[in-house]
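Data first, discussion second: the structure below is written as structure tokens.
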Amino acid sequence: MQNHRVVVETLFLSKMKSLKNLISRLNYPLCNILSGVDSYKLSGIDAISFLDRISTNKIENNLKNKSSKTILTNNKGSIIDILNYKVLDEKNILFTLESNNSKTIEYLKSLIILEDVEIIKNRILSKVSIYSKDKLSDDLNFSSYDFFYQEVLESLYMYEIYVEKKLHESMLSKFQIIDINKKQLIDIHNNKFEFDPKLEKINPLETGLDDYVSFNKGCYVGQEVIARLHNYQKVSRSITKFYSNHKLSINTILKTKNNISAKIISIVKEDKSYIGLCLVKKKDIDSVSEDYILI
342 MQNHRVVVET LFLSKMKSLK NLISRLNYPL CNILSGVDSY KLSGIDAISF
392 LDRISTNKIE NNLKNKSSKT ILTNNKGSII DILNYKVLDE KNILFTLESN
442 NSKTIEYLKS LIILEDVEII KNRILSKVSI YSKDKLSDDL NFSSYDFFYQ
492 EVLESLYMYE IYVEKKLHES MLSKFQIIDI NKKQLIDIHN NKFEFDPKLE
542 KINPLETGLD DYVSFNKGCY VGQEVIARLH NYQKVSRSIT KFYSNHKLSI
592 NTILKTKNNI SAKIISIVKE DKSYIGLCLV KKKDIDSVSE DYILI
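In my numbering, the protein residues as written are 342 to 636.
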């Protein structure tokens, strides 16, 4: 049994090395396109104060026409959804949902109490994700599109753009198009994940989304829990990568080969195996000798 485990772990390490080599050898810059993303407008005198009241980030009018993200949490501090937003003016905010789930819109509507604000269905957009080893030229003018983010990953620049289909077609010739599997492999390698509505009981601090949480603003749903986790350093889990020969599901809690409890938050099939991200208690991280754990 012990010899079998050694063989499995040896194959596992070999697979991880091959994956890293695959990602490094890809012909950058790369581009993945997700079509059919619904966009919405928060419109009304109280649009800014409403979004500020119900989500984690500080929503300010002085950040007009700059894109950012903010997180909806429940009263236990768990993520409900992630919003990509841009303040257009004092009365209008453009936004999309990372889950693209219409149930979140119904939830948002239920939070409108006395505010002068309404949620209006807007255009259908495409999400364009670009990965480059070098910083791309400002001449591409990404900031002119509906939403635009830039993030520096491990040895990569990542750009996330939301545009109408007719606009993104003009930029495609500059990049090699990759499928969703390769995009997910790059994201997993960089500890990034897309929020899935099946995910439950995960909070922004343990999933590396601290940049979209303001600790200097007033109360929002879940604020007390998140503030306590932050102020008293009570965040108990962190993200790590996993490898498995078994088909797994998002939000499942499993035991690893080292008897560590792991909650699956993203997964992709690679060849005949499965690779992804999971949440593991920080006290168990020290017992993990590699970048990945075996499930």
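Every residue, glycine too, gets a C-beta built ideally from N, C-alpha and C.
Where Q517 falls: helix, strand or coil (DSSP)
For this step, residue 517 is matched to residue 176 along the sequence shown. DSSP places Q517 in strand when its eight states are reduced to three.
Inter-stretch contact at 8 Å, needing at least 3 Cβ pairs: the region 543-562 / the region 412-422
yes
Give me the Cα-Cα distance between N557 and Q564, rounded to the nearest whole angstrom.
Walking along the sequence shown from the start, residue 557 turns up at place 216. Walking along the sequence shown from the start, residue 564 turns up at place 223. Straight-line Cα distance between these residues: approximately 11 Å.
Check Y369 in the structure and name its three-state DSSP category.
Stepping through the sequence shown from its first residue, residue 369 is reached at position 28. In the structure shown, Y369 falls within a coil segment according to DSSP collapsed to helix, strand and coil.
Do three or more CB pairs link the region 383-400 to the region 438-456 at distances below 8 Å?
Yes, they touch.
Determine the DSSP secondary structure at I386, reduced to helix, strand or coil.
On the sequence shown, residue 386 is found 45 positions in, with the first residue counted as 1. Coil.
Rounded Cβ spacing between L371 and Q517 (contact assumed at less than 8 Å):
Start at 1 with the first residue of the sequence shown, and residue 371 comes out as number 30. Start at 1 with the first residue of the sequence shown, and residue 517 comes out as number 176. Yes, they are in contact, since the Cβ atoms of L371 and Q517 sit about 5 Å apart, within 8 Å.
Around the C-beta of D637, are 16 or more other C-beta atoms found within 10 angstroms, so that it is buried, or is it exposed?
Because the chain in this structure spans residues 342 to 636, residue 637 falls outside the shown range and cannot be described.
Can you check the region 542-597 for any beta strand (DSSP E) of at least 3 residues that lies completely inside it and give the ranges in chain order?
578-585 and 594-596
Just list the residues that DSSP pairs N433 with in beta bridges.
On the sequence shown, position 92 is the one that residue 433 refers to. Beta-bridge pairing links N433 to S384 and D430.
Note down the Cα distance separating I626 from K596, rounded to an integer number of angstroms.
Locating residue 626 in the sequence shown gives position 285, where the first residue counts as 1. Locating residue 596 in the sequence shown gives position 255, where the first residue counts as 1. Distance between the alpha carbons of I626 and K596 is about 14 Å.
Going by DSSP, what residues sit across from Y500 in a beta bridge?
Taking the first residue of the sequence shown as 1, we reach residue 500 at position 159. Residue pairing by DSSP places Y500 opposite I471 and Q491 in a beta bridge.
Taking the alpha carbon of N586 as the reference point, which residue from E505, K613 and I601 has its own alpha carbon closest?
The residue given as residue 586 occupies position 245 in the sequence shown. Comparing Cα-Cα distances from N586 to each of E505, K613 and I601, the minimum goes to K613.
For L494, collect the residues of the same chain with a Cβ closer than 6 Å to its Cβ; drop the 5 residues on either side in sequence, then sort them by chain order.
Translated into positions along the sequence shown, residue 494 becomes position 153. Cβ neighbours of L494 beyond the five flanking positions: N531.
Range covered by the beta strand (DSSP E) that runs through I412:
For the purposes of this step, residue 412 is taken as residue 71 along the sequence shown, with counting starting at 1. I412 -> beta strand (DSSP E) spans S408 to T414.
For a cutoff of 8 Å on Cβ pairs, would you count N373 as touching chain B?
No chain B appears in the structure shown, which is made up of a single protein chain.
Contact under 8 Å by Cβ, L435 with K382:
Position 94 of the sequence shown, counted from the first residue, corresponds to residue 435. Position 41 of the sequence shown, counted from the first residue, corresponds to residue 382. The answer is yes: Cβ separation under 8 Å.
Cβ-based burial, S590 [other Cβ within 10 Å; buried from 16]:
Walking along the sequence shown from the start, residue 590 turns up at place 249. S590 is exposed by the Cβ-count criterion.
Can you round the beta-carbon distance between N373 and K524 to whole angstroms, since I take them to be within the 8 Å contact cut?
Locating residue 373 in the sequence shown gives position 32, counting from the first residue. Locating residue 524 in the sequence shown gives position 183, counting from the first residue. About 4 Å separates the two Cβ atoms, so the contact holds.
Expected contact under 8 Å - CB spacing of S408 and F489 to nearest Å:
Counted from its first residue, the sequence shown places residue 408 at position 67. Counted from its first residue, the sequence shown places residue 489 at position 148. At roughly 5 Å, the Cβ-Cβ gap stays under 8 Å, so S408 and F489 are in contact.
Can you tell me whether K638 is helix, strand or coil according to DSSP?
As displayed, the chain neither begins before 342 nor continues past 636, which places residue 638 out of reach and without an answer.
Strictly by DSSP, which residues pair up with K623?
Locating residue 623 in the sequence shown gives position 282, where the first residue counts as 1. Bridge partners of K623: none, in fact.
On the three-state DSSP scale, how would you describe D641?
With the chain covering 342 to 636 only, the question about residue 641 has no answer from this structure.
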